[in-house]
């Protein structure tokens, strides 16, 4: 799916109900992304992302990235 269209929906009785009119054709496939519920989920996602790239980097670089990710998530958590 190219481009981005964002909308809000409510989950009721096993279905997502959009809160606004959608510019979506009948039968069109959409991708849903549910935001992380907590800073722990954000950290886990960042660590998975960085782990996928870790084969290309030295161990000390990966460790530094992990520490940076922890600091970034803590900063985001403290700001909210």
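In our numbering, the protein residues as written are 40 to 119. For glycine and all other residues, C-beta sits at the position ideal for the given N, C-alpha and C.
The continuous alpha helix (DSSP H) containing residue 113 extends over residues 98-118. Annotation for residue 54: the continuous beta strand (DSSP E) segment containing it runs 54-57. In the DSSP assignment, residue 51 falls outside any alpha helix (DSSP H) and lies within the beta strand (DSSP E) extending over 48-51. Under the three-state reduction of DSSP, residue 76 is assigned to coil, being neither helix nor strand. Relative to residue 119, the option among 85, 82, 78, 51 whose CA is nearest is 78. DSSP places residue 62 in the coil class of the three-state scheme, outside both helix and strand.
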